[in-house]
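Peer 1: To start, I am sharing the structure in question, which I have written as structure tokens.
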Amino acid sequence: MTTIKAVNDGFLLDNKLLLGASEGNNKYINLATTIGEDMRYQKLDYALVDYPGEYDIEETTIQCFLGKNNLLNYLISYNNKRIAVLQSPDVLENTTDFAVAQEWIYTDDSVLAKLEQLEVEGEKIKLGGEIIPAPSA
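Under the numbering used here, the final residue of the sequence shown carries the number 156; numbering is consecutive throughout.
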């Protein structure tokens, strides 16, 4: 299971990924919650994913998807783990890429409702909230 710690104004996942922090940190891969600039004219001193696409950073594959209201959603693979980080349920209707996820981290109950409607398997974790364990085999 992914370890999640609240850090300042973001969440640290497995001491590797920093989600939603207002300032970047060069110790982690920084994941934005909303879409960033089309073109970045300055070089950053930290790894930042803030635009839809596929990224390979520090042996981590990150697929970033744009949802409603410019919210970013992620499918992240590393160390034989596949984690979905979801903010908007509409991305689950727009792509089948998330079908490989083993853990589902979400920010809003509407995402959980969509996950339950789709009968996805795996652990479901609400950021800042409860953990819904995967059913035992």
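Each residue gets a CB set at the ideal place from its N, CA and C atoms; glycine is no exception.
Specify whether the region 39 to 47 and the region 113 to 121 touch according to this definition: at least 3 beta carbon pairs, one from each stretch, less than 8 Å apart.
Peer 2: No: the two stretches stay apart, fewer than three of their Cβ pairs being nearer than 8 Å.
Peer 1: Short check: CB of residue 126 to CB of residue 91, under 8 Å?
Peer 2: In this structure, residue 91 does not lie closer than 8 Å to residue 126 by Cβ.
Peer 1: Can you tell me where the alpha helix (DSSP H) holding residue 49 begins and where it ends?
Peer 2: First-last for residue 49: 48 to 50, but that is the beta strand (DSSP E), not the alpha helix (DSSP H).
Peer 1: So the candidates are 88, 97, 89 and 87; which of them puts its Cα closest to the Cα of residue 81?
Peer 2: The candidate whose alpha carbon is nearest that of residue 81 is 97.
Peer 1: What's the C-alpha gap between residue 93 and residue 63?
Peer 2: 21 Å
Peer 1: Name the DSSP bridge partner or partners of residue 26?
Peer 2: 29
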